[in-house]
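Peer 1:
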Amino acid sequence: MELQETLEEGYVEILDHLRKRSLWMLHYCTACGAVELPPTITSRFDAERFGIAPFVTSRQSDILLVTGYINIKTLKRLVTVYEQMLPPKYVIGFGSCTINGGIYWDSYAVVKRLDLYLPVDVYIAGCMPTPMAVLEGFRTLMKLIDEGKANGWRKYIENYDYYKANQRKVLKW
Amino acid sequence: MVNLANPTLLVVIPLFFAFLSIIISPFLKKLIKFVPLIVSALNLVVIYFIGVKVLYGSIVLGTTAGLNPPYVIILAVDKLNFIIVLMVNVLGFLISFYNIFYMKEEPTDKFHILFTLLIMASSWISITGDLFNVFVAFEVLSLSSFGLVGYMRSKDSIEAGFKYVVQGILAGSLLLIGVVLIYAQTGTLNMAHIATKLDYVGSLEKLVPYVLIFFGLAVEGALFPLNSWLPDAHPAAPSGISAMLSGIVTTTAIYAIIRVTVTVFNYSAFIPYLFIIALLTLFFGEIAAFFQKDLKRMLAYSTIGQTGLFVLAFSVGTQASISASVAQMVNHSFSKAVLFLVAGIMIEAQGSRNIDDLKGFGRVNILTSILFVFAALSLIGVPPFFGFFTKLAILQTLLDFPGFLGYLSFALVLFAAIIEGVYFYRVFKILFEKSDKNFQAENPWLVISPFILVLILVILSSRPMSVLNFTNDIANQLIQRTIYLTSVLGGLK
Amino acid sequence: MVEKLVLILTPIFAFFVGIFLEGFKRKMVARIHRRYGPPLHQPLLDIIKLLSKKENISHGVMFDLGPVIFVGASILTVLFLPLPHFKQLTPYGDLIAFLYIMVIGSLGMALGAGESGNPNASIGIARALTLMLGYELPLIIAGNTLVVRYGTTDLYKFMTLQSGFNWNLFLLPLTAIAGFIATYGAMGEHPFDTVVAPQEVATGPMVEYGGKHLGLLMIGHAIQVYIETAFFTILFLGGASNIFTFILKQLGVIIVMTLFDTVFPRFRIENAVRYFWRWPTLIALLGLLIVYIGGK
Amino acid sequence: MNFSLLMILLTPIFGGLLAYAGSALHKAVRNIFFLIFLILPFFELYQYANKTIDNFYYLTVLGQSLSLGINALSFMLSLLFSLIFLLAYIFLLFEFDKSEDSDLAILEFSFLEGAVFGVLFARDILSFFIFFEIIALIIFFLIGKGYEESHNAQLKYITWALIGANSMLAAVVFLFFKAGSFGYAEISGYLSTAPTPIVLITFVLFVIGFLIEASIMPLHVWAPITYAEAPDSVSVLLSSVVKKVGLYLFTIFVFSIFGLNLFSKIMPRVFEAPLIMYVLQWIGALTIIIGTFVAIVQEDAKKILAWSSIAQSGYILLGLSLGTPLGVAGGLLHIVNHSIFKGILFFVVGGVIYRTGTKNLSELGGLIKKMPISFISMLLAIIATAGIPPLNGFVSKYLIYEALIQNKEPLLLTIALLGGTGSFMYVYRLIHSIFLGQLPKKYEGVKEVPILMQVPMLVLSLLALLFGVLPGIPMYFVSKAEAFLGFDPIKYTLTGFPEQPGLHALNVPIISAALMGGFVVAALIFYLLPKTRSVHQLDNYYAGEILTEDVKYNYSFGFYSFFDDIIKPFNEWSIDRIYENFVGFVKTVGDYIRRIYTGNLETYVSLGIIILTIFSLIYIIGGVLW
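Residue numbers (the numbering used here), protein chains in the order written: chain A, 1 to 173; chain B, 1 to 493; chain C, 1 to 296; chain D, 1 to 626.
(1) Any beta carbon from chain C within less than 8 Å of M457 of chain D's own beta carbon?
(2) Whose C-beta lies closer than 7 Å to the C-beta of V12 of chain B among residues of the same chain, with five residues either side of it excluded?
(3) Let me know the secondary structure DSSP gives F86 of chain C once reduced to three states.
(4) Cβ closer than 8 Å: which chain C residues qualify as neighbours of G422 of chain D?
(5) Can you tell me where the beta strand (DSSP E) holding L131 of chain B begins and where it ends?
(6) From B:L4, B:G344, B:L398, B:L341, pick the residue whose C-alpha is nearest to that of I322 of chain B; which is it?
(7) Does the Cβ of Q440 of chain B have 16 or more other Cβ atoms within 10 Å, making it buried, or fewer, making it exposed?
(8) Pop quiz: K20 of chain A and M132 of chain A are said to be a contact at Cβ under 8 Å. What is the actual Cβ separation, rounded to whole angstroms?
(9) Alpha carbon to alpha carbon, how far is Y200 of chain B from I355 of chain B?
(10) For S52 of chain C and chain A, any beta-carbon pair shorter than 8 Å?
(11) Tell me whether I32 of chain B sits in a helix, a strand or coil according to DSSP, three-state version.
(12) Which bits of chain B does A170 of chain D rub up against, with CB to CB less than 9 Å?
(13) Excluding five sequence neighbours on each side, which residues of the same chain lie with their C-beta closer than 7 Å to the C-beta of K25 of chain C?
(14) For L15 of chain A, which residues does DSSP report across the bridge?
(15) Using beta-carbon positions only, say whether S362 of chain D and F557 of chain D come within less than 8 Å of one another.
(16) Just the C-alpha distance for V279 of chain D and I288 of chain D, rounded to the nearest angstrom, thanks.
(17) Quick check: L295 of chain B and A222 of chain B, are their CB atoms within less than 8 Å of each other?
(18) Does any CB atom of chain D fall closer than 8 Å to the CB of K163 of chain B?
(19) If the criterion is Cβ atoms closer than 8 Å, does the pair I376 of chain D and V427 of chain D meet it?
(20) Looking only at its own chain, which residues have a Cβ that is under 8 Å from the Cβ of F97 of chain B, when we skip the five neighbours before and after it?
(21) Taking the continuous alpha helix (DSSP H) assigned at W222 of chain D, which residues delimit it?
(22) Might you give, ordered along the chain, the residues of its own chain that have their beta carbon closer than 7 Å to the beta carbon of N166 of chain A, omitting 5 neighbours on each side?
(23) Report all residues from its chain with a CB closer than 8 Å to the CB of V29 of chain C; omit the five preceding and five following residues, and keep chain order.
(24) Is DSSP giving A76 of chain B helix, strand or coil here?
(25) Taking K30 of chain B as the reference, which of B:A41, B:L9, B:I113 has the closest Cα?
(26) Can you check which of these residues, D:L205, D:S181, D:D54, is closest to A165 of chain D by C-alpha distance?
(27) Cβ of K212 of chain C less than 8 Å from any chain D Cβ?
(28) Output the distance between the C-alpha atoms of G10 of chain A and G148 of chain A, rounded to the nearest integer angstrom.
(29) Put M103 of chain B into one of helix, strand or coil per three-state DSSP.
(30) On the DSSP bridge list, what partners appear for T67 of chain A?
(31) Which same chain residues, not among the five before or five after L452 of chain D, have their C-beta less than 8 Å away from its C-beta?
(32) On a Cα-Cα basis, can you pick out the residue from D:G393, D:Y157, D:F271 that is closest to I138 of chain D?
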């Protein structure tokens with residue numbers, strides 16, 4: 001019994017170790033932060049060397065990169081997309097707007113705290129975060145995955161009612 | 001015991017009844033409508049007795065007075081006459097049965113008297129051995145058909161009747177001049193006698209009367225370019241009359257042309273021209289039929305085309321070709337009669353002659369439509385119907401025609417067959433098309449005659465070769481003129 | 001016995017060669033972009049990641065079977081390609097049969113993608129099939145040229161007949177060029193990548209695929225890369241006398257293809273087909289003409 | 001029991017008449033009656049399995065005895081056609097279950113089968129012509145029971161059928177006139193010594209007739225609309241039987257009556273085939289490519305099948321007219337195979353129409369969940385149509401390709417192979433738009449077709465699979481037929497073909513086994529991994545947009561519209577348009593000719609007088625001059 005658990009754990013650990021080397025991010029640019037992505041993935045900073053590449057559809061991707069402020073209309077799509085993604089899946093809050101609303105702190109149309117609605121694994125602070133910061137964020141996420149701590153998607157399932165309630169409050173579903 | 005095998009009876013019976021009915025018509029109007037039926041039935045009995053003799057190869061003669069031939073009016077029945085007169089009376093019988101139920105507006109006594117006269121005249125032409133008789137009979141025929149075409153007294157029937165009258169008179173005068181010229185040269189009117197004497201007549205002197213007689217007959221025979229009365233007259237007439245005109249009148253006229261050309265004049269120089277005329281008739285008839293929207297008018301044009309077809313076959317001039325021609329004549333008479341009769345039923349059911357209005361008719365009145373289809377298929381020459389075998393025979397003889405013209409006509413006949421097929425199939429299509437239209441149910445009494453005719457066609461289809469063998473005999477007898485000549489001239493001595 | 005063993009191991013071999021070629025290609029593209037690039041085994045990592053997804057979605061049976069058929073048919077196709085010294089299954093089917101066997105995989109893929117109901121997938125498939133009609137024309141003509149020249153349709157014989165340096169690339173350069181362009185089109189590289197075209201149809205057929213489905217598709221794709229390059233190698237580069245030369249030649253093909261791939265933008269699908277029907281076809285026909293006149 | 005050929009021919013007709021009479025009693029009586037009489041021919045045919053009978057006289061026309069006979073080729077085809085008739089009849093019962101036409105349709109059906117047997121058994125040019133005409137006539141009436149446009153189709157069909165019939169009739173009469181006999185043997189004997197023009201003209205006339213029925217390219221105009229608008233069971237017959245009858249006659253006439261030797265004697269050989277056969281090869285190839293390309297851009301399920309059917313008969317013509325043992329084997333095998341797989345396609349599409357009431361592809365979709373058996377049948381059929389192993393279409397196309405290689409005809413081979421790829425395109429379109437993709441809301445209640453209706457598709461699907469994996473079974477019949485036609489039959493085994501001159505070895509079971517192996521491996525990988533979760537069709541990647549039931553997001557209209565753009569320049573050259581222009585011209589001319597009959601009395605009289613005068617003048621002057 002113990003052996004099997006150990007084996008399974010080891011298996012998961014190996015998988016996590018490999019998995020962190022291949023992270024596909026959803027090319028879903030919600031806001032101005034997306035402007036920092038091209039330098040991140042092209043010649044200078046080359047995210048691909050970590051196995052991070054932009055991908056197109058929600059089904060294929062592992063990382064939901066929320067690049068900046070989320071207004072209410074976008075949130076609806078964002079939630080749909082997140083739910084379409086296949087676990088394990090990770091959310092990166094990108095820029096101050098996802099943390100506290102940033103410069104839109106007093107806007108009626110903008111959702112201020114992303115982690116009320118989606119389980120964010122890593123925040124990258126800054127307005128904008130530089131490509132170095134973005135890469136650092138990715139590295140952090142990779143480390144978390146390796147350690148088995150990037151469990152946002154589990155949290156979302158476990159606290160589904162909580163997230164739904166929060167989403168409903170804003171979206172009036 | 002009266003000798004029933006007397007051709008004279010075929011003329012006398014109808015004539016007698018016609019006059020009788022004129023006399024009794026003021027008193028017994030209702031009974032007159034059975035007169036044509038009785039007449040043709042009696043005629044058929046006579047034809048049966050004649051037929052027994054004819055089929056054994058003899059030529060049955062009848063005279064009007066006690067004189068000897070060639071100085072009397074003589075009626076001669078050989079196999080060709082027999083088949084024509086048989087057709088006349090069978091169709092006459094069935095169509096008069098149809099007419100009894102078709103002509104509803106009383107009084108109809110004049111109609112039936114005229115119809116009796118029509119039967120009489122047609123029978124007369126078919127059996128007469130006298131050239132002047134041909135003229136007289138044609139005048140009777142024309143007069144009765146003028147009356148019948150215009151019988152409905154509607155605007156177009158009167159117009160059509162008038163056109164018919166004008167051209168019929170033209171035809172009659174041509175015919176008369178031709179007969180007069182012949183009489184002037186030979187001093188006789190008996191066909192056989194003329195034939196023997198014509199050997200001593202110069203070619204031009206022979207030619208002019210022939211051409212005149214030919215064109216005189218060609219008007220009734222609906223040959224191009226003298227057939228323009230037909231497409232008006234046939235549709236305008238009551239359907240029974242259309243059937244009679246199409247099935248019988250043209251056929252008898254063509255019979256007369258055959259008789260005059262082969263037996264009397266023995267004329268081969270004219271054949272290429274006849275060939276061309278027939279070809280044009282066929283071609284224009286079918287083309288014009290293709291564009292018609294009026295059912296009966298289409299059938300009328302189709303009659304022109306068919307006439308062209310069997311004249312074409314005849315004008316090849318061989319025994320096989322005459323045989324094929326006669327077979328096609330039989331096919332055409334029966335099937336076209338059915339088509340006109342059925343068209344009558346259809347028109348009655350829908351109240352319009354337009355083909356497109358027939359949409360869905362076949363879904364209501366299946367029997368009528370099937371009769372139409374069968375007859376049309378036989379007419380087009382779709383195997384295994386009788387018409388196919390006659391068409392086959394015609395096509396085969398066309399190749400006998402020397403030179404390029406033979407192949408051309410071969411191709412043209414096939415082309416015409418395509419066109420004819422298309423316009424008839426178009427009617428089939430419309431008949432069985434889905435539609436919400438309500439039609440009256442067919443009158444079962446009216447269906448009887450076409451049904452019997454189709455039955456005859458089916459029987460013919462099952463034994464096509466026996467018919468073709470018989471027509472071959474006819475052609476054989478026709479080609480060997482001397483048999484006819486000697487038996488007519490010597491038969492009653 | 002050895003032959004049977006080789007036969008069974010070939011798909012695995014093909015898979016790893018394909019992975020290697022793909023990884024090499026990604027590395028090379030990165031270097032052309034002046035990037036460091038992912039590690040050589042990155043495709044393998046991607047596949048492992050995809051296969052190890054915790055949950056997968058399905059739109060129906062055919063959606064699941066699509067990738068399965070794709071991989072299965074790819075395995076089948078591999079078996080019909082000869083290896084140096086090994087005839088594999090070529091005695092049971094020739095070039096013509098091979099052309100049709102190659103299609104089975106696309107059929108499976110197309111059916112699976114179609115079942116998802118996603119318009120992007122359908123458009124992608126429609127484009128893929130149209131493109132196939134485009135590149136098949138020069139490919140067929142090029143193949144015919146070889147058939148006419150050698151009088152055989154046996155793939156193994158093609159390989160043996162070119163031994164030494166009698167490569168068709170040198171003997172029939174025009175045909176080889178046409179064949180190369182066609183194979184290149186079949187690979188779906190720029191400028192012929194209208195099928196996946198991420199910016200237009202969101203990776204086309206693969207749009208709804210994720211997780212193990214996509215993993216299988218990538219396995220299949222790796223084998224397909226092997227097949228296309230091996231096919232070209234056998235037809236035009238004289239096959240090989242041993243397995244390493246064989247892989248080397250495939251690598252050469254990939255290198256040339258990658259050079260083109262990195263510099264071109266994308267054709268519209270009509271233009272791609274028109275292009276295939278114009279220049280490569282003309283070149284192939286010219287090659288055919290030369291063989292016809294001179295070869296006999 | 002000893003059954004004569006005439007009896008086989010009359011069996012279905014008799015059954016049809018009985019059934020028609022029985023329909024007065026009860027529908028079931030009628031159905032069972034006719035079913036029995038459709039099964040009977042199999043038993044009756046059984047005794048002719050290995051016999052060649054040449055003259056069984058049944059009628060005498062124009063002094064000639066007409067005869068029936070049977071040989072390996074007609075035996076094979078009559079067996080196949082009996083099967084297809086049986087299945088189509090089962091299908092027809094359902095298709096017409098609500099229509100009042102069903103009794104009449106069954107009657108016509110029976111006559112059609114009789115006539116088809118008649119053509120197959122005919123041993124003289126008149127019999128075959130008679131039966132052929134009857135086929136055309138009955139098909140005309142059967143078509144009319146179809147969809148809205150079927151009445152136009154009827155007219156188009158019959159026009160072409162009449163053209164073909166009269167063309168053949170010309171040849172029949174002409175040959176009879178020259179040879180004095182109708183019998184195949186006598187005609188063949190006459191032709192071997194006949195002058196070249198006669199041989200050529202009669203051959204062309206006959207071939208026009210056959211190829212119209214086989215819907216080969218310049219003569220195909222009637223086919224698309226007819227196939228599309230006819231009732232589905234009749235479409236099956238049109239495509240799987242009537243078309244094959246035309247091709248059967250083509251085979252018989254080319255190889256048995258005219259003979260390749262005759263052609264080689266009178267004309268030069270091109271690519272190892274007589275010139276006229278070479279021309280026919282090109283006609284076949286053009287039919288393939290144009291038929292395929294047009295099929296790709298169709299929007300109507302049955303139109304796709306119609307054009308596909310045209311294209312596939314191009315393959316058959318191409319194979320047959322190669323005139324080599326390999327090519328003829330391929331052509332004959334494709335006759336069998338095409339009948340089978342196109343039958344399935346028509347049955348499945350018919351079933352879909354039966355359930356949904358539309359054949360418009362853009363209205364359908366997603367039916368795989370509702371009609372899985374239809375889907376599987378169609379899947380097998382499209383694999384066969386595209387010529388992909390291991391289904392039956394592959395083997396016959398393979399033979400044709402190899403025959404082309406053997407004759408060294410790279411261009412034709414290119415066209416044929418490209419047609420194969422193209423066929424993949426249109427069959428995918430078909431299955432995609434019907435069975436895959438979004439299920440419209442209105443079809444949520446659709447059920448699988450009734451079990452009896454599945455029988456036809458399943459039987460044929462099994463046959464397609466069987467003949468595909470074990471090509472030896474149909475090859476047994478085909479090689480016999482080939483021997484009858486005077487070729488050295490190609491060698492075959494149960495599993496495929498051994499290595500022989502011009503033909504690379506082929507072993508379909510090994511391909512299938514390898515394919516299955518690959519599947520098993522892939523399936524193992526797939527099913528050992530975490531399970532899948534089924535999602536609703538609306539849970540779909542749509543760039544984050546949320547789909548709703550009322551949105552039609554499926555891509556099914558104008559599926560290959562970009563391909564349409566590519567071939568648009570060629571549309572200007574469409575054969576239909578040439579014919580339309582021609583017909584327009586003929587109509588104008590005909591209309592002018594018709595106006596001779598103006599309806600105006602003055603015109604008539606003056607015309608008559610003028611012409612009379614002219615004739616009289618000609619005669620009188622001519623008479624003087626003579």
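Each residue gets a CB set at the ideal place from its N, CA and C atoms; glycine is no exception.
Peer 2: According to the structure data:
(1) no
(2) none
(3) strand
(4) L133
(5) Counting along the chain, L131 of chain B falls outside any beta strand (DSSP E), though it belongs to the alpha helix (DSSP H) covering 131 to 149.
(6) B:L398
(7) exposed
(8) The Cβ separation is near 19 Å, so there is no contact.
(9) 55 Å
(10) yes
(11) helix
(12) L395, F410, A411, L414
(13) I254, T258
(14) Answer by DSSP bridge pairing: none, since L15 of chain A is not bridged.
(15) yes
(16) 14 Å
(17) no
(18) yes
(19) no
(20) L37, I448, S449
(21) Per DSSP, W222 of chain D belongs to no alpha helix (DSSP H) and is neither H nor E.
(22) L116, Y117
(23) G37, T258, D261, T262
(24) strand
(25) B:I113
(26) D:L205
(27) yes
(28) 11 Å
(29) coil
(30) A:F94
(31) I90, L93, F94
(32) D:Y157
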